[in-house]
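Residue numbers (the working numbering): 1 to 324.
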């Protein structure tokens, strides 16, 4: 878009601020920043397309210079001039302000006179923890009532926010926006307008925005013995590999598989070296675990250790994955 076109466009300016020890020196990992900003741009552009139609074009640019104070990036969002004219002609298309308000980047979107609560897409994600919508009930032209998996009750929300919430492209883009929070030294991402906080996503809330493009076919819990073939010595949930049983065959890497350890007590003991583990396949544990079968492009299986019951169990007959 040329400069003279920008002057005719609706302009919304806001900032995204990254906080934490990782950016105390006002420096930030270039890859983390690029991924987050690309996710931000894709979120706004896709939201505009969903709300206003594919013919509507919105432009997102890094605006001005990087400012000190944690790590702040100024963002400018423009709606194309021909769409501005359409807004005035029809009154039916959301402006740049509406789109960014619905998302939660600038201010709060009013859901309608009949609704007391004001919501944004970010707030809905934080309230539902990113869970799947189970039911939708229309209340009026602008609002509906939804229930989500594991929710406490119905939630009243704007229909456009629901459309964005259920969009897989929006989900993927938002996951990229919050991806810097995977860095344990990053505390939060905050959106600012005129220096005032609009929305904030904490590191512990990052999982709410994770994209899952799969359907769960089967989910079961079992208890069994495992040989640890790869350990995360930092006590993190990921980076582990296990195999069933404790025979020499189970030490073969062809039989091991990645798992996620959800037992925080066990992880803390590993971190504090209260449990000594090597990566040589010598430690056997008894654990309660969950096997989840997903359907994406193909059937896949994921494994989660829910609780480590014993770190020194007796020997157990080896099993192969195809026996489960």
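No residue lacks a Cβ here, since even glycine has one placed at the ideal position from N, Cα and C.
**Message:** Helix, strand or coil for residue 2? Go by DSSP, reduced to three states.
**Reply:** Residue placement at residue 2 is poorly supported in this model, since its pLDDT is 47, which falls under 50; the coordinates still yield a value, given next. In the structure shown, residue 2 sits in coil (DSSP, three-state: anything other than H, G, I, E or B).
**Request:** Would you mind stating whether residue 300 and residue 218 have Cβ atoms separated by less than 7 Å?
**Result:** no
**Message:** For a minimum of 3 consecutive residues, which ranges assigned as the beta strand (DSSP E) are wholly contained in the segment 135–173?
**Reply:** 143–148 and 155–158
**Prompt:** In whole angstroms, what separates the C-alpha of residue 261 from that of residue 58?
**Reply:** 42 Å
**Burial state of residue 233, where buried means 16 or more other Cβ atoms lie within 10 Å** = exposed
**Item:** Chain-order list of residues whose beta-carbon lies under 6 Å from that of residue 48 (same chain, five-residue window excluded)
**Value:** 56, 58 and 99
**Message:** Just list the residues that DSSP pairs residue 180 with in beta bridges.
**Reply:** Answer by DSSP bridge pairing: none, since residue 180 is not bridged.
**Asked** Are there 16 or more other CB atoms within 10 angstroms of the CB of residue 25, so buried, or fewer, so exposed?
**Response** exposed
**Message:** Would residue 131 and residue 149 be called neighbours here (beta carbons separated by less than 7 Å)?
**Reply:** yes
**Item:** Environment of residue 53 [buried if 16+ CB atoms lie within 10 Å]
**Value:** exposed
**Item:** Three-state class that DSSP yields for residue 198 in the structure shown
**Value:** strand
**Asked** To which residues does DSSP link residue 193 through a beta bridge?
**Response** 196
**Prompt:** Since residue 256 and residue 229 are thought to touch, with beta carbons under 8 Å apart, how far apart are those beta carbons, to the nearest angstrom?
**Reply:** 4 Å
**Asked** If residue 43 and residue 174 are in contact, beta carbons under 8 Å, what's the gap, nearest whole angstrom?
**Response** 6 Å
**Message:** According to DSSP, simplified to helix, strand and coil, what is residue 120?
**Reply:** coil
**Message:** Does residue 294 come out as helix, strand or coil in the three-state DSSP assignment?
**Reply:** strand
**Prompt:** Should the segment 153–167 be called in touch with the segment 179–196, which here means at least 3 C-beta pairs below 8 Å?
**Reply:** no
**Message:** With a threshold of 7 Å between beta carbons, is residue 158 in contact with chain C?
**Reply:** Looking for chain C here will not work: only one protein chain is present.
**Request:** Spatial neighbours of residue 147 within its chain, please: CB distance less than 7 Å, with the 5 preceding and 5 following residues excluded, ordered by chain position.
**Result:** 134, 135 and 154
**Message:** According to DSSP, is residue 29 part of a helix, a strand, or is it coil?
**Reply:** coil
**Asked** Residues in its own chain within less than 7 Å of residue 170 by CB, not counting five upstream and five downstream?
**Response** 43, 46, 47 and 164
**Request:** Could you tell me which of 60, 265 and 303 sits nearest to residue 15, measuring between CA atoms?
**Result:** 60
**Prompt:** Under a three-way DSSP split, which group does residue 242 fall into?
**Reply:** strand
**Prompt:** In this structure, what does DSSP give as the bridge partners for residue 206?
**Reply:** DSSP, once it has assigned bridges, lists no residue as partnering residue 206.
**Request:** Could you have a look at residue 112 and say whether DSSP puts it in helix, strand or coil?
**Result:** Residue placement at residue 112 is flagged as unreliable, the pLDDT there being 48, under the threshold of 50; a coordinate-derived value is accordingly withheld.
**Same chain, Cβ closer than 8 Å to residue 120, five either side skipped, listed in chain order** = 101, 102, 103, 104, 108, 109, 161 and 199
**Asked** In terms of residue numbering, what span does the alpha helix (DSSP H) encompassing residue 269 cover?
**Response** 264–271
**Message:** Given a cut-off of 7 Å on the beta-carbon distance, is the pair residue 211 and residue 237 in contact?
**Reply:** no
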